[in-house]
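J.:
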């Protein structure tokens with residue numbers, strides 16, 4: 565019984581670490597655009613780093629039929645786009661100030677983050 | 184492609200998307216190839232965009248062939264109009280829904296008989312070899328069903344997991360997976376489990392997958408209805424337009440219309456793009472955009488707006504705004520953005536849903552551990568059931584959908600009534616307004632003054648002559664009241680003439696010479712300044728002022744000749760709308776730059792008790808601040824131009840529009856119709872929406888807060904009941920459906936009768 569309890573607690577610790585404490589690997593974008601696949605409940609890549617003060621575009625390719633994946637929101641940038649199934653929806657940015665911009669679906673089940681950093685620091 | 188584009192005689196610009204062009208030199212090759220096609224006038228390639236614009240009368244297919252001949256691919260750049268987007272979405276949703284229903288039937292095909300069997304006392308245990316092999320084959324069938332009907336849950340769960348993310352699919356996958364794996368262990372290695380715990384739960388796995396698919400399909404349908412309003416707006420845009428090219432009139436796709444095209448619209452047709460009438464006269468129904476039921480008369484030089492309906496005459500007009508620039512497209516864009524924005528009340532739910540799924544997983548483990556440690560026999564079976572049920576019953580969806588669904592319907596509903604709500608914050612704030620400041624001119628009144636009285640004092644002159652003199656004088660002035668006098672004169676067939684030595688004396692009036700007569704025209708102060716005897720006419724002027732009219736004295740050769748009164752008529756429905764505001768327990772305040780007498784008179788007529796007159800535009804914002812200091816939630820309604828600072832400072836700024844002229848930048852809420860009823864409608868819709876959001880959030884919170892402990896078995900020690908995982912599946916499927924359905928109730932919202 566003791567072992568089971570320890571296993572259970574370890575599992576809880578694992579959940580906490582995996583979902584909350586773990587910092588995801590960032591995809592650093594050096595080109596002017598990146599394709600983000602929307603499929604199976606996730607954006608991939610979901611964590612994107614781009615240099616500041618440089619025009620670039622996010623291209624969302626929605627392959628997921630679930631209605632949850634339909635709307636893409638970047639609240640801090642006032643972006644709200646409907647993603648068309650099987651096609652790329654392009655969102656252009658010209659001059660983003662450094663910072664973290666979270667993007668997600670209407671219900672926040674799909675989540676991603678756009679990190680804009682000063683060129684020299686990256 | 185389409186029949187219409189094959190009309191060979193039309194000079195027009197078409198745009199092709201080029202595929203496979205990777206180098207700068209391709210540009211020349213492509214342009215050259217296109218120029219050789221018959222009918223091509225000009226070719227210009229945009230290399231960065233990989234598009235090429237071709238003007239001329241060429242057909243589309245030889246163009247594509249020409250490009251293919253030099254080794255590239257091309258297709259017509261049909262801008263993804265919103266119309267297509269919705270059509271495509273509807274088809275995709277329909278297909279997905281059919282697929283879900285199919286998957287549901289297959290899952291229920293196994294789950295239902297098994298469940299009926301178990302309900303009617305069938306043995307769900309594994310003792311004999313025969314039972315083992317039967318259950319083993321059922322388990323394998325169940326695995327097949329999990330693959331066929333539930334694949335999407337497992338894939339999504341796994342991919343999310345790899346991304347350090349968890350969603351609703353994670354819960355479903357874990358719940359059904361746990362039940363299946365446990366059952367398989369029972370079947371394959373029964374001896375590792377205590378005898379009493381050897382119970383299979385294949386029916387739960389199959390049923391839950393089936394039910395959740397059903398829930399998703401129903402939710403998809405209900406969700407479709409929430410976007411009905413925007414769909415209706417999008418549907419207003421016609422797909423083709425009739426352009427006049429030289430002598431010919433041809434129908435082309437709306438995407439091919441360019442600015443400055445001359446278009447023809449016949450009675451009963453919709454206006455395809457925004458433009459100015461160049462020929463003809465008609466009346467146009469703009470109710471679909473403004474909510475204004477009366478058709479609007481259109482003459483040459485008048486603006487027509489895409490999506491509105493031409494009623495009576497055939498007109499020609501010049502396209503001024505096309506595609507995404509039309510008022511309709513901008514309204515659609517704004518409504519869409521607003522529909523997806525969240526009022527602050529929804530933020531808590533967002534924060535919670537970000538942590539929700541892992542927390543539920545932890546609760547599920549804790550619950551299993553508690554059963555294992557303290558539960559009665561068979562504790563392992565209890566642990567598995569409670570862990571599964573917790574995973575299944577928890578519904579992050581209901582929480583996540585609560586706000587967006589209602590906002591979607593509410594904002595759409597408002598748009599139908601001619602009320603454009605900028606975002607969720609404006610929606611929430613306007614539901615709480617306690618005080619409403621109304622600007623007078625253009626808000627309560629028409630904003631277009633008219634001459635109401637001409638009182639001739641000196642009988643040497645006729646009324647016509649007085650008007651002629653006044654109009655001649657004022658035609659040189661830029662004062663808004665001057666315009667009213669000039670227009671009234673012209674209406675009566677009197678043409679203003681030139682005056683000489685014109686002087687405008689700010690704050691007093693004007694003076695000039697006309698027919699060798701020295702003229703003075705202005706207010707009481709002007710007369711005093713020039714020592715003109717007014718005799719008994721001051722009282723008459725005051726009388727006019729008390730009727731909300733502005734009296735002006737006309738003096739010819741230093742003698743009072745006439746009093747002309749100008750008034751800005753009150754909008755017909757202002758009184759009713761202000762009464763409705765008061766019925767909503769809103770403190771109504773009138774603010775105006777006009778003089779006190781006029782202001783008071785207007786206020787009295789419309790039933791406003793609190794009036795601030797002679798407030799210069801820059802001080803209007805201060806009044807807003809003053810009310811806010813009295814802890815009022817202040818709404819400010821104005822024309823959106825002069826009142827911009829006050830609108831911006833108010834908790835909610837309402838810009839009252841004139842028809843389809845969408846001056847929306849400075850305002851939180853734009854009323855496309857001039858009527859103040861729109862204001863009350865906006866507040867009522869906001870209130871109804873917020874109420875709906877609260878119901879949804881409350882429902883979702885309570886559901887999860889009650890369902891999860893129940894599923895964990897909190898009632899077992901007291902009542903001996905433990906939730907069945909299948910019931911949890913039903914509850915979970917119903918919970919998000921309930922939220923969407925409740926949001927759909929808002930569609931039935933009707934503004935109060937006027």
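Chains as they are written, first to last, in my numbering: chain A, 565 to 686; chain B, 184 to 937. Quick reminder that beta carbons are idealized off the backbone N, C-alpha and C, glycines included.
#1: Based on Cα-Cα distance, which residue from 540/B, 693/B, 861/B lies nearest to residue 993/B?
#2: Can you find a C-beta in chain B that's less than 8 Å from the C-beta of residue 569/A?
#3: Using a Cβ cut-off of 8 Å, pull out every chain B residue sitting near residue 649/A, in sequence order please.
#4: Please report the straight-line C-alpha distance between residue 688/B and residue 829/B, rounded to a whole angstrom.
#5: Since residue 876/B is in the alpha helix (DSSP H), which residue starts that stretch and which ends it?
#6: Closest by CA to residue 666/A, which one among 642/A, 594/A, 595/A, 598/A?
#7: Note down the Cα distance separating residue 864/B from residue 602/B, rounded to an integer number of angstroms.
#8: How big is the Cα-Cα spacing for residue 579/B and residue 349/B?
#9: Determine whether the Cβ of residue 403/B lies closer than 8 Å to any Cβ atom of chain A.
#10: I'd like to know if residue 578/B contacts chain A, where contact means its C-beta is closer than 8 Å to some C-beta of that chain.
#11: Anything in the stretch 634 to 649 of chain A with a Cβ closer than 8 Å to a Cβ of chain B? List those residues in chain order, please.
#12: In the structure shown, what three-state DSSP assignment does residue 489/B receive?
#13: Can you check whether the C-beta of residue 665/A is within less than 8 Å of a C-beta belonging to chain B?
#14: So who's on the other strand from residue 223/B, going by DSSP bridges?
#15: Using C-beta distances below 7 Å, list every residue in its chain close to residue 309/B, excluding the 5 sequence neighbours before and after it, in chain order.
#16: For residue 364/B, which option in 389/B, 705/B, 790/B, 584/B has the closest C-alpha, if you only look at C-alpha atoms?
#17: Rounded to whole angstroms, what's the CA-CA distance from residue 926/B to residue 607/B? Just pull it up for me.
#18: Quick one: grab the DSSP three-state call for residue 664/B.
#19: Quick one: which chain A residues come within Cβ less than 9 Å of residue 570/B?
#20: Tell me which residue opens and which closes the alpha helix (DSSP H) that residue 759/B is part of.
#21: How would you list, in chain order, the residues of chain B whose beta-carbon sits under 8 Å from the beta-carbon of residue 610/A?
#22: Relative to the C-alpha of residue 767/B, which candidate in 624/B, 923/B, 590/B, 618/B has its C-alpha closest?
#23: On the CB-based measure, 16 or more other CB atoms within 10 Å of its CB, does residue 675/A come out buried or exposed?
#24: Measuring only between beta-carbons, confirm whether residue 541/B sits less than 8 Å from chain A.
#25: Could you run through the stretch 239 to 262 of chain B and flag, in chain order, every residue whose CB is less than 7 Å away from some CB of chain A?
#26: Identify the residues that DSSP records as bridge partners of residue 680/A: which are they?
#27: Establish whether the CB of residue 351/B and some CB of chain A are separated by less than 8 Å.
#28: Taking 8 Å as the cut-off, decide whether the C-beta atoms of residue 203/B and residue 575/B are in contact.
#29: Is DSSP giving residue 846/B helix, strand or coil here?
#30: Please report the residue range of the alpha helix (DSSP H) in which residue 414/B lies.
#31: Report the start-end ranges of each beta strand (DSSP E) in the stretch 445 to 480 of chain B that is 3 residues or longer and not cut off at the edges.
#32: For residue 498/B and residue 463/B, which I take to be in contact (beta-carbon distance under 8 Å), what is that distance rounded to the nearest angstrom?
#33: So is residue 654/A buried or exposed if we call it buried at 16+ other beta carbons inside 10 Å?
#34: Could you tell me whether any Cβ in chain B is nearer than 8 Å to the Cβ of residue 629/A?
#35: Under 8 Å, do residue 705/B and residue 735/B count as touching if we go by C-beta distance?
#36: Would you decide whether residue 211/B is buried or exposed? Buried here means 16 or more other CB atoms lie within 10 Å of its CB.
T.: Considering the structure as presented:
#1: Only positions 184 to 937 of chain B appear in this structure, which leaves residue 993/B out of reach.
#2: yes
#3: 271, 272, 275
#4: 29 Å
#5: 860 to 895
#6: 642/A
#7: 8 Å
#8: 11 Å
#9: yes
#10: Residue 578/B has a beta carbon lying at 8 Å or more from every beta carbon in chain A.
#11: 634, 635, 637, 639, 642, 644, 646, 648, 649
#12: coil
#13: Under the Cβ criterion of 8 Å, residue 665/A is not counted among the residues facing chain B.
#14: Note: residue 223/B sits in a beta bridge opposite 239/B.
#15: 315, 318, 369, 370, 373, 381, 383
#16: 389/B
#17: 15 Å
#18: helix
#19: In chain order: nothing, as chain A lies at least about 10 Å away.
#20: 757 to 766
#21: 346, 348
#22: 618/B
#23: buried
#24: Residue-level contact check: residue 541/B touches chain A, since one or more beta carbons of chain A fall below 8 Å from its beta carbon.
#25: Within the stretch 239 to 262 of chain B, no residue has a Cβ that lies closer than 7 Å to any Cβ of chain A.
#26: 614/A, 663/A
#27: Look at residue 351/B: its C-beta is under 8 Å from a C-beta on chain A.
#28: no
#29: Low local confidence applies: a pLDDT of 48 at residue 846/B is under 50, so the model's placement there is unreliable, with the coordinate-based value given in what follows. Coil, per DSSP.
#30: 411 to 418 is the span of the alpha helix (DSSP H), which, as asked, contains residue 414/B.
#31: 445 to 448, 457 to 462, 465 to 468
#32: That belief holds up - the Cβ atoms of residue 498/B and residue 463/B are roughly 4 Å apart, short of 8 Å.
#33: exposed
#34: At a cut-off of 8 Å between C-beta atoms, residue 629/A counts as an interface residue with respect to chain B.
#35: yes
#36: Taking all protein chains in view, the Cβ of residue 211/B is surrounded by fewer than 16 other Cβ atoms within 10 Å, so the residue is classified as exposed.
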